[in-house]
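Asks: Right, I'll just put the structure down here and ask away after.
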Amino acid sequence: MALFLLGRPSDLPLAKDPSSRFLAWITALMVFLAALALAGAMVVSDMARRWDNGLAGGLTVQIAPLPGAPVAPLDERVEAALTVLRAAPGVRTATALDAAATARLLEPWLGPEAGDPLLPMPRLIDVATDGPVDVPGLTLRLKSAAPGATLDDHAVWLADLRAFAGAVHLAALGVVGLIGGAGVMTVVFSVRAGLAIHRHVVELLHLMGATDRYVSRQFETHVVGLTLRGGLIGLLLAVAALAGTLRASQELRASLLPDLALAPWQWAALALVPLAAALLARMTARWTVLRTLESLP
Amino acid sequence: MIRFENVGLRYGTESEVLRDISFTLPPGSFHFMTGASGAGKSSLLKLMYLAHRPSRGLITLFGRDMARVTRAELPEMRRQIGVVFQDFALLDHLSALDNVALPLRMGGAPEADTVAHCTEILRWVGLGNHLHAKPSTLSGGQQQRVAIARSVINRPRLLLADEPTGNVDDGIGMRLLYLFEELHKLGTTVVIATHNEALIRRFDHPHLHLDNGRLQVVPARNPRWG
């Protein structure tokens, strides 16, 4: 079916080749997988960035209840810790979370019972910084002023988060690379099969004065048509799968997952996957045909 | 136009199918090529339409030493050669018109001109009512006329035909020969391989006679060119 320019039939009857049928479906599958891999990488990247932005430039102080210990009541220790924090260099704000806010934070793990006043809940202080903070010194001062206080600068979290995001990116890149490699091999096989099936026609065109590029354009047009068609099917399936997954994640009652969504530009990037597949297929077809035709006199 | 000097051709390690072939075809000449089956006519034609390179010897075509012509230059030279293949070599999935249009499209001719010229020449060879017919629906003679139309659509400088009248009755065969004569008069160099003694006698042209891989040039009875 590969239509050449102006809608006239291709000189090579490639559309009826057995390889033509499966190339579109293989491309659909590959584009589907590549789009999912890319979308996954983008979602994780966004998630990591949001967490990173939320955690970097902040500290969290936790003051444990210590029931039965000979220490001041929890509220007094919170006030003492706030005084220490507000006097520390580099600290912009220090805000104590009330019991209700703390319960909301724990609700995904503990359920509605997190607000039970009988639970020995710690108190949290959210600290925003605007400069370097002497974390070890501040920790000592906090422990002295408010026994049971611990200071978390999120360093371990952030390092783990960044490593995780990097690993996901690499994995997605690897998956897309493998898919691309498989796609290239599929096109090479398909084009070589086409050249073998239509060898007599190719030789005839060659003898009539067709340049190698003239012949390769026929294969390129054919392969681009198939990969675009298959790619669009794969993209539609991937978009449907992603939309379903994102919608399902938003309907989770206890929001263990952060908000999963793709920005418009990310959807647009996914829409480019079939085009990239078609471009790769076209370059592969051209390279394969030109290399093969070199053997003709 | 064409000059062969001591040309030999062998396939693989077989013995030579053409030996010490030497001849010159002046521009605008008309030659028949004769010889028994297996004498080497098709091999000599293949050398002339650049399907093979010789095993030895020198071929000069359109003033170019073929040993010095690069692969990239060959398509342009091939487009100046029209070939009527013995088995017609039509593309079954294309219509008669699209088959005839191949040389023009390869040369990048405008599509509107291509369709107009192909329609005109197909009408001229009596296939005006079969422009969009696939070769499989045409008779042997009609297919041969499509093949001939394709070979001349480009106004080639050199026309090579391998048994072009082998599948048509004498009337159509004669008409096709007159077409070749017309092209010859317009300056095209023509070489026709044939077994048809009647045609050779009717059209008084020199012929290249091949016998067991060796060539003998037999002049016309009444030569019209030097």
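Keeping their order, the protein sequence lines are chains A and B.
With the numbering used here, letter number 239 in the first sequence gets 290, and the count goes up by one each step, no holes.
With the numbering used here, letter number 121 in the second sequence gets 167, and the count goes up by one each step, no holes.
Cβ coordinates follow ideal geometry from the N, Cα and C atoms, glycine included.
Computed from a prediction, not measured in an experiment: that's the story for all the values here.
(1) Residues of chain B with CB closer than 7 Å to the CB of R69(A), please, in chain order.
(2) Can you find a C-beta in chain B that's less than 8 Å from the C-beta of L54(A)?
(3) Cα separation between V198(B) and V290(A)?
(4) Near A154(A), what residues of its chain come up, given a Cβ to Cβ distance below 6 Å and the 5 sequence neighbours on each side ignored?
(5) Give me, in chain order, the residues of the same chain whose beta-carbon lies closer than 8 Å to that of T180(A); leave out the 5 immediate sequence neighbours on both sides.
(6) Going by DSSP, what residues sit across from V130(B) in a beta bridge?
(7) For M152(B) and chain A, any beta-carbon pair shorter than 8 Å?
(8) For a minimum of 4 consecutive residues, which ranges assigned as the alpha helix (DSSP H) are wholly contained in the stretch 151-184 of chain A?
(9) Anything in chain B within Cβ reach of L288(A), meaning under 9 Å, just list it in chain order.
(10) With distances taken Cα to Cα, identify the nearest neighbour of V95(A) among L221(A), A131(A) and L157(A).
(11) Apply the 10 Å Cβ neighbour rule to K67(A) and answer buried if 16 or more other Cβ atoms are within range, or exposed otherwise.
(12) Counting along the chain, where does the alpha helix (DSSP H) carrying I167(B) start and finish?
(13) Measure the alpha-carbon distance for M52(A) versus L279(A) and round it to whole angstroms.
(14) Can you name, in chain order, every residue of its own chain whose Cβ lies under 8 Å from the Cβ of T235(B), other than the five neighbours on each side?
(15) Kindly indicate which three-state DSSP category A147(A) falls into: helix, strand or coil?
(16) Between G285(A) and A329(A), is the Cβ-Cβ spacing less than 8 Å?
(17) Could you tell me whether the stretch 108-117 of chain B touches the stretch 175-188 of chain B, where touching means 3 or more Cβ pairs closer than 8 Å?
(18) Would you please verify whether the beta carbon of H253(B) is less than 8 Å from any beta carbon of chain A?
(19) Can you pull the chain A neighbours of Y95(B), defined as C-beta to C-beta under 7 Å?
(20) Is DSSP giving S197(B) helix, strand or coil here?
(21) Out of curiosity, what's the CA-to-CA distance linking W271(B) and R268(A)?
(22) Is it the case that the CB of M152(B) approaches a heavy atom of the ligand MG more closely than 7 Å?
(23) Say whether chain B places a C-beta atom closer than 8 Å to the C-beta of L255(A).
(24) Would you identify the three-state DSSP class for E367(A), choosing helix, strand or coil?
(25) Any idea what DSSP makes of A97(B), helix, strand or coil?
(26) Roughly how many whole angstroms lie between the Cα atoms of H163(B) and L246(A)?
(27) Hey, is A273(B)'s beta-carbon within less than 8 Å of any beta-carbon in chain A?
(28) Tell me where the alpha helix (DSSP H) around V219(A) begins and ends.
(29) Within the continuous beta strand (DSSP E) that includes E51(B), where are the two ends?
(30) My understanding is that L90(B) touches I67(B), with C-beta atoms under 8 Å, so please give their C-beta distance in whole angstroms.
(31) With a Cβ-Cβ cutoff of 8 Å, do P121(B) and T343(A) count as a contact?
(32) Looking at chain A, which residues of the stretch 116-127 of chain B have a Cβ within less than 9 Å of any of its Cβ atoms?
(33) Can you find the residues in the same chain that come closer than 7 Å, C-beta to C-beta, to L202(A), ignoring five residues on each side of it along the sequence?
Replies: Let me spell this out:
(1) Counting from 1 along the first sequence, the entry for residue 69(A) is found at position 18. The question names Arg, but residue 69(A) in the sequence shown is Pro. Here the premise fails: no neighbours, minimum Cβ distance about 16 Å.
(2) Locating residue 54(A) in the first sequence gives position 3, where the first residue counts as 1. Interpretation of L54(A) is limited by its pLDDT of 42, a score under 50 that renders its predicted location unreliable; no figure is taken from the coordinates.
(3) By one-based count along the second sequence, residue 198(B) stands at place 152. By one-based count along the first sequence, residue 290(A) stands at place 239. Taking the straight line joining both Cα atoms gives about 54 Å.
(4) Along the first sequence, one-based indexing puts residue 154(A) at 103. If we look at A154(A) and ignore the five residues flanking it on each side, its Cβ neighbours are A165 and G166.
(5) As a working note, residue 180(A) is residue 129 in the first sequence. When the five nearest sequence neighbours on each side are left out, the beta carbons in the same chain lying within less than 8 Å of the beta carbon of T180(A) are those of G108, G109, L110, G141, V142 and R143, in order along the chain.
(6) Residue 130(B) sits at position 84 when you count from the first residue of the second sequence. In the DSSP assignment, V130(B) forms a beta bridge with A207(B).
(7) Reading the second sequence from its first residue, position 106 is the one you call residue 152(B). So, interface residue.
(8) List check, alpha helix (DSSP H) in window: nothing returned.
(9) Taking the first sequence and counting its residues from 1, the one referred to as residue 288(A) is at position 237. By Cβ distance, chain B contributes nothing, its closest Cβ being about 33 Å from L288(A), past 9 Å.
(10) For this step, residue 95(A) is matched to residue 44 along the first sequence. Across the set L221(A), A131(A) and L157(A), the C-alpha of L221(A) shows the shortest separation from the C-alpha of V95(A).
(11) In the first sequence, counting from the first residue as 1, residue 67(A) sits at position 16. Here K67(A) is exposed: its Cβ has fewer than 16 other Cβ atoms, across all protein chains shown, within 10 Å.
(12) The residue labelled residue 167(B) in the question sits at position 121 within the second sequence. From DSSP, the alpha helix (DSSP H) with I167(B) extends over E157 to W170.
(13) Here residue 52(A) refers to the residue found at position 1 when the first sequence is read from its first residue. Here residue 279(A) refers to the residue found at position 228 when the first sequence is read from its first residue. In this predicted model, M52(A) has a pLDDT of only 41, less than 50, meaning its place in the structure is not dependable; the value taken from the coordinates is given anyway. Each residue's alpha carbon lies about 14 Å from the other.
(14) Counting from one through the second sequence, the residue named residue 235(B) turns up at place 189. Excluding its 5 nearest sequence neighbours in each direction, T235(B) has C-beta neighbours in its own chain below 8 Å: M47, I48, L71, P72, P73, G74, S75, F76, R203, L204 and L205, listed in chain order.
(15) Within the first sequence, residue 147(A) is the residue found at index 96, counting from 1. Under the three-state reduction of DSSP, A147(A) is assigned to strand.
(16) By 1-based counting over the first sequence, the position of residue 285(A) is 234. By 1-based counting over the first sequence, the position of residue 329(A) is 278. Between G285(A) and A329(A), the CB-CB gap reaches or exceeds 8 Å.
(17) Not touching, per the Cβ criterion.
(18) Here residue 253(B) corresponds to residue number 207 of the second sequence, with the count starting at 1. Answer no: the Cβ-Cβ gap between H253(B) and chain A never drops below 8 Å.
(19) Against the second sequence, residue 95(B) aligns to sequence position 49. What Y95(B) touches in chain A: L258.
(20) For the purposes of this step, residue 197(B) is taken as the residue at position 151 of the second sequence. Note: S197(B) maps to helix in three-state DSSP.
(21) By 1-based counting over the second sequence, the position of residue 271(B) is 225. By 1-based counting over the first sequence, the position of residue 268(A) is 217. Its pLDDT being 44, under 50, W271(B) is placed unreliably by the model, and nothing is read from it.
(22) The ligand MG is not among the ligands present in this structure, which contains no ligands whatsoever.
(23) Here residue 255(A) refers to the residue found at position 204 of the first sequence. Output row for L255(A): interface = yes.
(24) Given that chain A is displayed from residue 52 to residue 348, the structure contains no residue 367(A) and the question cannot be resolved.
(25) Sequence index remark: in the second sequence, residue 97(B) carries index 51 (1-based). In this structure, A97(B) counts as coil in the three-state DSSP scheme.
(26) One-based indexing of the second sequence puts residue 163(B) at position 117. One-based indexing of the first sequence puts residue 246(A) at position 195. It is roughly 30 Å from the alpha-carbon of H163(B) to the alpha-carbon of L246(A).
(27) Limits of chain B in this structure are 47 at one end and 272 at the other, which puts residue 273(B) out of reach.
(28) Taking the first sequence and counting its residues from 1, the one referred to as residue 219(A) is at position 168. For V219(A), the enclosing alpha helix (DSSP H) starts and ends at A206 to I248.
(29) Here residue 51(B) corresponds to residue number 5 of the second sequence, with the count starting at 1. From DSSP, the beta strand (DSSP E) with E51(B) extends over I48 to L55.
(30) Within the second sequence, numbered from 1, the residue matching residue 90(B) stands at position 44. Within the second sequence, numbered from 1, the residue matching residue 67(B) stands at position 21. So it is a contact: roughly 7 Å between Cβ atoms.
(31) Position 75 of the second sequence holds residue 121(B). Position 292 of the first sequence holds residue 343(A). No, the pair does not count as a contact, with Cβ atoms beyond the cut-off.
(32) Cβ contacts with chain A: R117, A118, L120, P121, E122, M123, R124, R125, Q126 and I127.
(33) Indexing the first sequence from 1 puts residue 202(A) at position 151. These residues qualify, in order along the chain: L110, V112, V186, L189, T190 and L193.
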